[in-house]
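Everything below concerns the one structure shown next.
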């Protein structure tokens, strides 16, 4: 079901950074990036996504009652880059674990991500009719089934970790379950979502904005690496370093997203540009200006990668590449 | 926070069965009931409910972000008989466990029950504006917050079991988590709910009706006793007996509910009578007739109590009393 990274994943930095991105980097940065990213991030991501897709397909088979399982599978198997499972598996490998031990946890974080999208898309929340070019779950199956399928995925994520994880002590599995639950609920994803909802139209400061993104975006990324590191047998120190890494890349993702919204055209983004300005949304560029936002993004990427310095740099390559991918993406 | 059953809970059968209920019972049944129910069920229930209410209040404190915690607490602390936590604690004590070890699990099953009511009450589901005389969660906090607060309670139930259970091995806690998750998701509560939704207006048979009730009602009762028995150190055999007990009383509850709907007046029920007939709902009386439905209820109560025969009968008293309460209630 899951194969360790093949050596073919390792190639040159040009596979991950465009020429323009490279020319934007200082000379020493390029060299450093060359050194750390001498591996084919795209192939690595595809390989992990394939294994995760197969594992998700097996974990949630189509069975009676068909309608609920169809609805769960419709959103769960709708594609996506599978960033969170990749983070989970990469963290497991980074601390020296067998990636197979992290696969149920990797599937679980994707189930949580999916259920959060299903509930976010509901008419009473963001009221989105399309996601990734497909009608959203409630459009296809009805709102009632979409709510229930989200609930089922949420509870199944815990069942899957509790019953399908092999080769890990019960103590560690239990710790992982506690971590996962915390990053979903009223101190995690849900906290970010509800504060975001309550802030609509309000003038909010930097701390408030950071609270929203640390919870809405970073919490589940944090859960993903922490679960991977726990399953892989990581020490407390390693787990905390990876937690900090994930929080930094979570914020980084949002800062870059905000910058792209004001600096790129809709054509370049592949989605409507300037949406935040139109919606009068509080963003990093609005609070800090473009230049300071870029500096903040640099700082976050640096802080993220500093957490990885004491790990084996070959094994850290996927996480370094992901941080750079988030930092230097153009859409 | 939680005290073992006081001896004051033990009193006469008249405290639990009304005169009319007793006169409806055959002579040998009254004697048997006297023997087994020689304890004050009402006091026992109140005592357990008080401990559980205190534990729930501490488990979900009002903290930042206030709105989501207010919403969670609004429904969680809205009263109710706390039947599921009582089942959990009683099962723990029945297998010889310390009731304190089952308290986080007891709170967790009540959190699940609450979240299922919150999501069921949503406009896209049953669209109920009132529950227990109070406006439903989405009426007070909005649909978006009600969906999110349900999600938060769902994930917190797992966190609470994983992090707050004391004096139980990780193996057992993990097993309990797997059981809880299974009774919620697409093979439990959610399965019952979705099959019920899909059956509206359709002619369904006895097997279909039983599937709905075994999942919508019995699954979480089953989870409650099974979790209690696991935490209390019960053997596999004891756990399976209690599982069967819970499935029987779950069905029993529904059969009696259906009978009361057609045999009692609205005044006697304290709610609208004949609702099932008006809604042309498939019920046991509709499929079997009243007399056969009463026989079926008798059979289920007998089957439930048979599962308890090999346990200490003093310790089994709360579960026996609950089965009789469900069987002979008048509203």
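Protein chains in written order, with the UniProt record's numbering: chain B, 1 to 331; chain F, 1 to 331.
Heads up, the beta-carbon is just placed ideally off N, CA and C, and yes, glycines get one too.
Compare the Cα-Cα distances from residue i to each of the options and report the closest residue.
i                      : options                    : result
residue 183 of chain F : F/313, F/140, F/219        : F/219
residue 276 of chain B : B/292, B/294, B/295, B/254 : B/254
residue 103 of chain F : F/53, F/308, F/175         : F/53
residue 232 of chain F : F/303, F/175, F/129, F/307 : F/175
residue 107 of chain F : F/93, F/83, F/129          : F/83
residue 320 of chain F : F/227, F/305, F/312        : F/305
residue 145 of chain B : B/315, B/223, B/41, B/69   : B/69
residue 248 of chain F : F/235, F/41, F/299, F/165  : F/299
residue 60 of chain F  : F/48, F/47, F/77           : F/77
residue 87 of chain F  : F/331, F/315, F/328, F/330 : F/315
residue 123 of chain B : F/75, F/41, F/143          : F/143
residue 208 of chain B : B/287, B/246, B/43, B/74   : B/287
residue 251 of chain B : B/296, B/266, B/224, B/234 : B/296
residue 266 of chain B : B/317, B/50, B/331, B/200  : B/331
residue 111 of chain B : B/153, B/133, B/74         : B/153
residue 172 of chain F : F/125, F/235, F/58, F/264  : F/235
residue 155 of chain F : B/129, B/137, B/128, B/190 : B/190
Run through DSSP, which three-state label would residue i get?
i                      : result
residue 67 of chain B  : helix
residue 329 of chain B : coil
residue 135 of chain B : strand
residue 307 of chain B : coil
residue 11 of chain F  : Confidence in residue 11 of chain F is poor, its pLDDT being 37 and thus under 50, which makes the residue's placement unreliable; the coordinate value appears in the next sentence. If DSSP states are grouped into helix, strand and coil, residue 11 of chain F belongs with coil.
residue 293 of chain F : helix
residue 268 of chain F : helix
residue 299 of chain B : helix
residue 281 of chain F : coil
residue 201 of chain B : coil
residue 39 of chain F  : coil
residue 62 of chain F  : coil
residue 223 of chain B : helix
residue 171 of chain F : helix
residue 176 of chain B : helix
residue 273 of chain F : coil
residue 16 of chain F  : Residue confidence for residue 16 of chain F is low, a pLDDT of 46 falling below 50, so the modelled location carries little weight; the figure read from the coordinates is stated next. Residue 16 of chain F: coil per DSSP, three-state reduction.
residue 257 of chain B : helix
residue 192 of chain F : helix
residue 235 of chain B : coil
residue 324 of chain F : helix
residue 312 of chain F : coil
residue 185 of chain F : coil
Run the CB neighbour count on residue i, radius 10 Å, all protein chains shown included, and call it buried at 16 or more, exposed below.
i                      : result
residue 230 of chain B : buried
residue 55 of chain F  : buried
residue 4 of chain F   : Low per-residue confidence applies at residue 4 of chain F: pLDDT is 36, beneath 50, and the placement is therefore not dependable enough to give any value.
residue 324 of chain B : buried
residue 96 of chain B  : exposed
residue 63 of chain B  : exposed
residue 279 of chain B : exposed
residue 193 of chain B : buried
residue 307 of chain B : buried
residue 243 of chain B : buried
residue 66 of chain B  : exposed
residue 272 of chain B : exposed
residue 169 of chain F : exposed
residue 293 of chain F : buried
residue 202 of chain B : exposed
residue 309 of chain F : exposed
residue 186 of chain F : buried
residue 137 of chain F : buried
residue 127 of chain F : exposed
residue 134 of chain F : exposed
Just checking residue i against the ligand NAP - is the residue's beta carbon closer than 7 Å to any of the ligand's heavy atoms?
i                      : result
residue 221 of chain F : For the structure depicted, the ligand NAP is absent and the ligand set is empty, with no information on it obtainable.
Going along chain D in order, which residues have a C-beta closer than 7 Å to the C-beta of residue i?
i                      : result
residue 185 of chain F : The structure shown contains no chain D; its protein chains are B and F.
Runs of 4 residues minimum, wholly inside the segment 67-131 of chain B: which ones carry the alpha helix (DSSP H) assignment? 83-94, 99-120
Please go through the segment 138-167 of chain B and give each complete alpha helix (DSSP H) segment of 4 or more residues, from N-terminal end onward. 143-164
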